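Chemist: Please find one structure pasted underneath; my questions will follow.
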Amino acid sequence: MNKKERYKQIISWFEANMPVANSELVYKSAFELTVATILAAQCTDKRVNMVTPALLHDYPTPEAMAHATPEVIFEYIKTVSYPNNKSKHLVGMAQMLVKDFGGKVPSEVCELEKLPGVGRKTANVVASIMFGKAVMAVDTHVFRISERLGLTTNSRTPLETERELEANIPKHLIAKAHHWLILHGRYVCIARKPKCGECGIREWCRWYEETKNTSKI
Numbered sequence: 253m254n255k256k257e258r259y260k261q262i263i264s265w266f267e268a269n270m271p272v273a274n275s276e277l278v279y280k281s282a283f284e285l286t287v288a289t290i291l292a293a294q295c296t297d298k299r300v301n302m303v304t305p306a307l308l309h310d311y312p313t314p315e316a317m318a319h320a321t322p323e324v325i326f327e328y329i330k331t332v333s334y335p336n337n338k339s340k341h342l343v344g345m346a347q348m349l350v351k352d353f354g355g356k357v358p359s360e361v362c363e364l365e366k367l368p369g370v371g372r373k374t375a376n377v378v379a380s381i382m383f384g385k386a387v388m389a390v391d392t393h394v395f396r397i398s399e400r401l402g403l404t405t406n407s408r409t410p411l412e413t414e415r416e417l418e419a420n421i422p423k424h425l426i427a428k429a430h431h432w433l434i435l436h437g438r439y440v441c442i443a444r445k446p447k448c449g450e451c452g453i454r455e456w457c458r459w460y461e462e463t464k465n466t467s468k469i
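Each residue of the sequence shown is one higher than the last, beginning at 253 in the numbering used here.
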C-alpha cells in the first residue's frame, strides 16, 4: 500500500467513526487553553483539569495572573509535572500578553511562540483549536503513531512529523486530525503494547502489517 492510499483509508475511517474529536483539556477561552496547554506538557490532561479550576477562578485573565508571583502560582499547580518552571512560565506568559499583546492571546503561531512556556506544540494547539489554523500539533502520541501507522517515514523530530502530516492531510481536516491521532494514541495505539485487536485502522497500519505474524502483537 502506498502512502497516499494509507492516508485516504485512515482519514475516511476516522471521519466515519470519530466525526467529533476535541481536546480533553477543559477551557473556556484562548487564555484558559494556553494556561492548560502549558501545564499539560509532560503531564496528563486529567491532572491538569484537576488544578485549573481553582487557578483560573482566582486568576481568570492575563491581567490578574500578571500581578501574581511564581511562588503563589506554584501552590495551585504543585501537583503537575515541573511546577517550578511552569509557575514562572505562566506568570511570564501573562505579563507578556498584557505588555505586548493588549491582554489578548495572539492567533498566529509565530506570535504565540514568543510567549514564555509556549513551544511549537503548544502554539499549534492554541492556533488550531481557538483560531482555526490548519496546523498540526505534534505531541508524543502523534509523533509515535504517525510513524507506527506509516503516515510518516523515518521522522526524526516533531517538526518533520508536523510538516509531513500537514502536507498529506486535507487542510480543512488538519485540526481535527490532531485530535484523532492523540486520542487513538492515548487509548488504542498505546506505546508499549498497542491494542491492535481493538483497532479499526489496523488493516492500513504499516506496523501491524509488519508484525501481525510475530509475537509482538
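Every residue gets a Cβ at the ideal spot worked out from N, C-alpha and C, and that includes glycine.
This structure is a prediction, so every number in the text was calculated from the model and none was measured.
Do the region 440 to 452 and the region 273 to 285 meet, that is, are 3 or more Cβ pairs less than 8 Å apart?
Modeler: No, they do not touch.
Chemist: For residue 329 and residue 460, what's the separation of their Cα atoms in angstroms?
Modeler: One C-alpha to the other measures close to 40 Å.
Chemist: How would you write the range of the alpha helix (DSSP H) that residue 435 sits in, first residue to last?
Modeler: Start and end: 426 to 439.
Chemist: Rounded to the nearest angstrom, what separates residue 305 and residue 289 at their Cα positions?
Modeler: About 14 Å.
Chemist: Under the assumption that residue 326 contacts residue 432 (Cβ atoms under 8 Å), give the Cβ distance between them as a whole number of angstroms.
Modeler: Going by Cβ atoms, the distance from residue 326 to residue 432 rounds to 35 Å, so no, they are not a contact pair.
Chemist: Does the Cβ of residue 204 have 16 or more other Cβ atoms within 10 Å, making it buried, or fewer, making it exposed?
Modeler: There is simply no residue 204 to check, as the chain begins at 253 and stops at 469 in what is shown.
Chemist: Report the three-state DSSP secondary structure of residue 385 (helix, strand or coil).
Modeler: If DSSP states are grouped into helix, strand and coil, residue 385 belongs with coil.
Chemist: What first and last residue would you give for the alpha helix (DSSP H) that runs through residue 295?
Modeler: Per DSSP, residue 295 belongs to no alpha helix (DSSP H) and is neither H nor E.
Chemist: With 16 as the cutoff for other CB atoms within 10 Å, does residue 398 come out buried or exposed?
Modeler: Counting Cβ neighbours within 10 Å, residue 398 comes out buried, since at least 16 surround it.
Chemist: For residue 317 and residue 407, what's the separation of their Cα atoms in angstroms?
Modeler: Approximately 38 Å between the Cα atoms of the pair.
Chemist: Does the distance from the CB of residue 362 to the CB of residue 332 come in under 8 Å?
Modeler: No, the Cβ-Cβ distance between residue 362 and residue 332 is not below 8 Å.
Chemist: Would the region 309 to 324 and the region 338 to 347 be scored as touching if the rule is three or more Cβ pairs under 8 Å?
Modeler: Judged by Cβ distances under 8 Å, the region 309 to 324 makes contact with the region 338 to 347, as three or more pairs qualify.
Chemist: For my contact list, residue 373 and residue 410 are in at a C-beta cut-off of 8 Å; report their separation, rounded to the angstrom.
Modeler: About 7 Å separates the two Cβ atoms, so the contact holds.
Chemist: Counting along the chain, where does the alpha helix (DSSP H) carrying residue 344 start and finish?
Modeler: Where residue 344 is concerned, the enclosing alpha helix (DSSP H) stretches over 335 to 353.
Chemist: Leaving out five residues before and five after residue 299 in sequence, what residues of the same chain have Cβ atoms less than 7 Å from its Cβ?
Modeler: So the qualifying residues of the chain are 331 and 332.
Chemist: Pull up the distance between the alpha-carbon of residue 430 and that of residue 270, whole angstroms please.
Modeler: Computed Cα separation, rounded: 12 Å.
Chemist: Using CA coordinates, which residue listed in 260, 347 and 257 is at the minimum distance from residue 368?
Modeler: Of 260, 347 and 257, the residue nearest in Cα terms is 347.
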